[in-house]
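Heads up, the thing below is written out as structure tokens.
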Amino acid sequence: MTRAALNILTVLILLLSRCCDANRKLLVFLIDGFRYDYIDDLQNLAGFREIVENGVKVDYMTPDFPSLSYPNYYSLMTGEFLPIMTTHDFLIYFCHVFHMQSSLAYFRVYFC
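Residues -22 to -1, 1 to 90 (mature numbering (1 follows the signal peptide of the UniProt record, and there is no 0)) make up the sequence shown, in order.
See below:
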């Protein structure tokens, strides 16, 4: 493709694209431990009913790590897919700090 054709294509794409409103806010609910069928009973969940009627609800999601929440949250927020076979790679994206409190040892996860 010639440079002139590429410039014309770029201008057309910019003219036809919609401008997004920078003042619009996006609120994402990440509910851990919430079974898939709980949301089907919207009569008893008035707050969720209003969110579903006025917002967006996904029918299905394939998690990167079915048993780990933090890597799934990271994938949802960044759009980066982390393959199942490289489960250790998510450690790169988090700063893990090891704490000892009495006889219990635990990790606290901080986003870098």
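Even for Gly, the Cβ is constructed at its ideal location relative to N, Cα and C.
All values derive from a computational prediction rather than experimental measurement.
Pick helix, strand or coil for residue i, following the three-state DSSP scheme.
i	result
R2	coil
P49	helix
T40	coil
F26	helix
I9	coil
Y14	coil
L20	coil
Nearest to residue i by alpha carbon, out of the options?
i	options	result
D10	L46, M55, F26	L46
residue 139	D37, K3, M55, L54	In the structure as shown, the chain starts at -22 and stops at 90, and residue 139 therefore has no counterpart that could be examined.
L4	M39, A24, G33	G33
Please classify residue i: is it buried, with 16 or more other beta-carbons within 10 angstroms of its beta-carbon, or exposed?
i	result
P44	exposed
P41	exposed
For residue i, which residues in the same chain have their Cβ closer than 7 Å to its Cβ, ignoring the five residues on either side in sequence?
i	result
Y51	L8
F26	I17, L20
What residues in its chain sit with their C-beta under 8 Å from that of residue i, if we drop five residues either side in the sequence?
i	result
V6	L54, M55
I29	F7, K35
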